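Novice: Before I ask anything, here is the structure I am working with.
Protein chains: 2
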Amino acid sequence: MIGRNCIVRLSRYKNALYQFKKLGVVKIFSDNLAEAVNVTASQVRKDFSIFGISGNKRGGYQVEVLIEQLKDILGKNEVQKAVIVGAGNIGRALMNYTGFEKEGITIVAAFDIDPHKFNEQANVPIFGIDKLNSFISNNKITIGIIAVPAVAAQQVLDLMEHAGVKGVLNFAPISLRANNNIVVNNINLELELENLIYYINASARTKE
Amino acid sequence: MIGRNCIVRLSRYKNALYQFKKLGVVKIFSDNLAEAVNVTASQVRKDFSIFGISGNKRGGYQVEVLIEQLKDILGKNEVQKAVIVGAGNIGRALMNYTGFEKEGITIVAAFDIDPHKFNEQANVPIFGIDKLNSFISNNKITIGIIAVPAVAAQQVLDLMEHAGVKGVLNFAPISLRANNNIVVNNINLELELENLIYYINASARTKE
DNA sequence: CATATTTTGTGAAATATTTCACTAAACAAT
DNA sequence: ATTGTTTAGTGAAATATTTCACAAAATATG
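Chains Z and L are the protein sequences, given in the same order. Numbering-wise (the working numbering), the first sequence opens with residue 35 and increments by one. Numbering-wise (the working numbering), the second sequence opens with residue 35 and increments by one.
Okay, here's the thing in structure tokens:
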């Protein structure tokens with residue numbers, strides 16, 4: 035199985051390529067990409083070789099072609115539907131976040147436990163959590179986003195898993211437990227900050 | 035230098051330990067922690083050994099002591115001040131996010147380019163971006179959070195770096211370039227979703 | 001057209017990370 | 001006390017990841 039870091043790099047390459055394309059760049063070399071993404075050129079070539087992406091010796095890679103190949107590997111050829119559970123700060127921000135559409139993900143509904151937050155007329159309608167299960171199965175939702183407090187997160191994951199969601203993005207600051215029918219990616223803001231502080235301190239120590 | 039994954043695991047151990055503590059657990063073994071965090075028991079022990087954390091053979095580790103040791107390593111013994119640049123969806127969500135306080139980080143101000151968003155009276159006041167530099171130096175801000183669109187992100191980072199910020203949490207979906215006076219952690223929501231989709235597809239392929 | 005240069009693709013080497021497996025310490029039981 | 005059991009600590013082994021270095025292909029140059 036291919037490591038997560040490798041897949042993350044592919045995404046970064048693709049991002050960088052979009053920028054190069056915007057600047058009118060047509061042909062690119064491994065070292066240009068490497069610099070843009072902060073890795074070595076052989077890392078870039080090795081990553082590509084793993085997925086059978088090939089360029090031309092002395093000719094580099096065609097930006098357009100490479101983008102398509104990466105899109106293909108990263109699997110965004112059909113639009114996927116997602117729901118958010120939790121209409122708090124983070125949940126609401128994600129409902130209005132435009133970056134997901136660009137990536138082929140549409141957020142079609144949100145769910146919360148608090149009736150004051152219900153709003154079936156909104157752009158992204160907010161329903162009661164009791165509707166989650168039927169909504170997911172009726173609308174063939176593949177992706178769930180968890181934006182509830184830590185205590186409720188495991189329960190929400192179980193609901194989603196049971197309803198047939200295939201992948202979950204979890205914003206609750208807790209390690210969730212899932213069987214291997216479902217993929218869970220954690221985005222833990224507190225952990226990221228803590229991590230940042232560690233490296234700030236480490237870098238201060240190094241300079242002494 | 036110690037790998038990022040290792041530091042991330044330390045944070046996860048600490049999180050798990052808080053939960054155990056809440057349940058009244060006093061003494062814990064490497065395999066309990068391992069299970070909670072989804073790693074092997076020897077990974078736990080190896081991680082601890084790197085940082086000179088030791089327990090008792092057959093007696094495991096004292097939950098309270100372990101939490102303190104981890105807090106110490108992760109460096110959260112003094113409250114740090116942070117500012118947010120960008121008062122859009124993500125920026126506003128982060129201003130109201132209560133999880134940071136718990137981790138010893140206080141968000142003291144936000145900055146935006148749009149005068150409609152200015153609000154010096156708010157709980158977290160929102161100023162014009164032109165005030166960023168002086169605010170950071172006058173208030174000895176160590177942490178910056180970038181929540182602006184991708185095109186503006188590099189510029190904001192440069193401003194922060196120049197003003198003396200030590201670490202940055204970047205939410206803009208772009209690879210930023212910084213010299214090594216400053217630590218940058220990226221949280222790229224689009225990339226995480228893309229990554230999730232890759233693994234959903236990969237897991238579907240495996241099952242065929 | 002021949003030669004020089006550049007850049008890919010990739011095994012092999014070097015590093016880094018994780019797991020294994022065993023020793024010894026701590027505690028429990030008899 | 002002695003014996004048995006559990007679990008930390010840790011070198012060594014196994015894996016995984018990254019970098020090196022060079023042959024071969026593509027293009028440029030004279």
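All C-beta atoms, glycine included, are put in the ideal place defined by N, C-alpha and C. All values derive from a computational prediction rather than experimental measurement.
Comparing C-alpha positions only, which one of A116(L), Y47(L), R211(L), G125(L) sits nearest to L100(L)?
Specialist: Of A116(L), Y47(L), R211(L), G125(L), the residue nearest in Cα terms is Y47(L).
Novice: Spell out whether any CB of chain Z is found under 8 Å from the CB atom of V217(L).
Specialist: For V217(L), the answer is yes, since a Cβ of chain Z falls inside 8 Å of its Cβ.
Novice: Could you list which residues in chain Z have their beta carbon closer than 9 Å to that of N153(L), in chain order?
Specialist: None at all; the shortest Cβ gap to chain Z is about 17 Å.
Novice: At the 8 Å Cβ level, is P159(L) part of the contact set with chain Z, yes or no?
Specialist: Not closer than 8 Å to any Cβ of chain Z, the Cβ of P159(L) fails to qualify, so no.
Novice: Within its chain, find whatever has a CB closer than 7 Å to the CB of Q188(L); leave out the 5 residues flanking it on each side and keep chain order.
Specialist: Excluding sequence neighbours, Q188(L) sits near L210, R211.
Novice: Can you tell which of Y52(L), E224(L), S88(L), L104(L) has its C-alpha closest to the C-alpha of C40(L)?
Specialist: Cα-wise, what sits closest to C40(L) is L104(L).
Novice: What distance in whole Å lies between the Cβ atoms of V97(Z) and F134(Z), which are believed to be in contact at a cut-off of 8 Å?
Specialist: Not really, about 24 Å apart at Cβ, beyond 8 Å.
Novice: Ignore the nearest five residues each way along the sequence and tell me which others in I160(L)'s own chain have a CB closer than 8 Å to its CB.
Specialist: Counting only Cβ-Cβ distances below 8 Å, and skipping sequence neighbours, we find A121, A143, A144, F145, D146, K151, F152, N153, E154.
Novice: Looking at the unbroken beta strand (DSSP E) that takes in F18(Z), where does it start and where does it end?
Specialist: Residue 18(Z) lies beyond the residue range present for chain Z, which begins at 35 and ends at 242; the question has no answer from this structure.
Novice: Under 8 Å by Cβ, that's how I've got I175(Z) and G201(Z) pegged, so tell me the actual separation to the nearest angstrom.
Specialist: In fact, because the Cβ distance is near 10 Å, the residues do not count as touching under 8 Å.
Novice: Are there 16 or more other CB atoms within 10 angstroms of the CB of E112(L), so buried, or fewer, so exposed?
Specialist: By the neighbour-count rule (16 or more Cβ atoms within 10 Å), E112(L) is not buried but exposed.
Novice: Measure the alpha-carbon distance for A75(Z) versus P149(L) and round it to whole angstroms.
Specialist: Near 44 Å, if we compare the C-alpha coordinates of P149(L) and A75(Z).
Novice: Which first and last residues belong to the alpha helix (DSSP H) in which A116(Z) is found?
Specialist: Segment 114 to 119 is the beta strand (DSSP E) holding A116(Z); no alpha helix (DSSP H) there.
Novice: Determine the DSSP secondary structure at F63(Z), reduced to helix, strand or coil.
Specialist: In the structure shown, F63(Z) sits in coil (DSSP, three-state: anything other than H, G, I, E or B).
Novice: Chain Z partners of R43(L), CB-CB under 9 Å?
Specialist: Ordered by position in chain Z, no residue passes the 9 Å Cβ test against R43(L), which lies about 10 Å from the chain.
Novice: Quick check on S83(Z) - is its C-beta less than 8 Å from some C-beta in chain L?
Specialist: By this cut-off, S83(Z) is not an interface position.
Novice: If you follow the alpha helix (DSSP H) that L44(Z) is in, where does it begin and where does it stop?
Specialist: Looking at the DSSP string, the run of the alpha helix (DSSP H) that includes L44(Z) is 38 to 56.
Novice: Bridge partners of D164(L), per DSSP?
Specialist: Bridge partners of D164(L): none, in fact.
Novice: Are the CB atoms of I124(L) and A127(Z) within a distance shorter than 8 Å?
Specialist: Contact: yes.
Novice: Just the Cα atoms here: how many angstroms apart are N157(L) and Q114(L)?
Specialist: When rounded, the distance between both Cα atoms is 17 Å.
Novice: Taking N235(L) as the query, report the chain Z residues whose CB atoms sit under 7 Å from its CB, ordered along the chain.
Specialist: Ordered by position in chain Z, the residues that pass the 7 Å Cβ test against N235(L) are G109.
Novice: On the DSSP bridge list, what partners appear for F145(L)?
Specialist: Paired residues: V119(L), F161(L).
Novice: Taking the C-alpha atoms as reference points, what is the distance between I208(L) and Y131(Z)?
Specialist: For I208(L) and Y131(Z), the distance between alpha carbons rounds to 16 Å.
Novice: Using a C-beta cutoff of 8 Å, does T74(L) count as contacting chain Z?
Specialist: It does not; no Cβ of chain Z falls within 8 Å.
Novice: With which residues is L203(Z) paired in a DSSP beta bridge?
Specialist: According to DSSP, which records beta bridges pairwise, L203(Z) is partnered with I179(Z), N219(Z).
Novice: From K110(Z), V117(Z), A68(Z), pick the residue whose C-alpha is nearest to that of V182(Z); which is it?
Specialist: With distances taken between Cα atoms, V182(Z) lies closest to V117(Z).
Novice: If we ignore side chains and look at the alpha-carbon of each, how far apart do N18(L) and E102(L) end up?
Specialist: No answer is possible for residue 18(L): the residues shown for chain L start at 35 and end at 242.
Novice: Identify, in the order they occur along the chain, each residue of the same chain with its Cβ nearer than 7 Å to the Cβ of G198(L), setting aside the five sequence neighbours on each side.
Specialist: Only I170, S171 meet the Cβ criterion.
Novice: Would you kindly report the start and end of the unbroken alpha helix (DSSP H) that includes H196(L)?
Specialist: 184 to 197 is the extent of the alpha helix (DSSP H) around H196(L).
Novice: Taking CB distances under 8 Å as the criterion, tell me whether F145(Z) reaches chain L.
Specialist: So no, F145(Z) is outside the interface.
Novice: Can you list, in chain order, the residues of the region 121 to 134 of chain L whose Cβ is nearer than 9 Å to any Cβ on chain Z?
Specialist: Result list: G122, N123, I124, G125, R126, A127, L128, M129, N130, Y131, T132, G133, F134.
Novice: G133(L) by DSSP, collapsed to three states: which one?
Specialist: In the structure shown, G133(L) sits in a helix (DSSP, three-state: H, G or I).
Novice: Can you tell me where the alpha helix (DSSP H) with Q155(L) in it begins and where it stops?
Specialist: From DSSP, Q155(L) is part of no alpha helix (DSSP H); its letter is neither H nor E.
Novice: Of the residues that make up the region 190 to 210 of chain Z, which ones have a beta carbon closer than 7 Å to any beta carbon in chain L?
Specialist: So the close ones are K200, G201, L203, P207, I208, S209.
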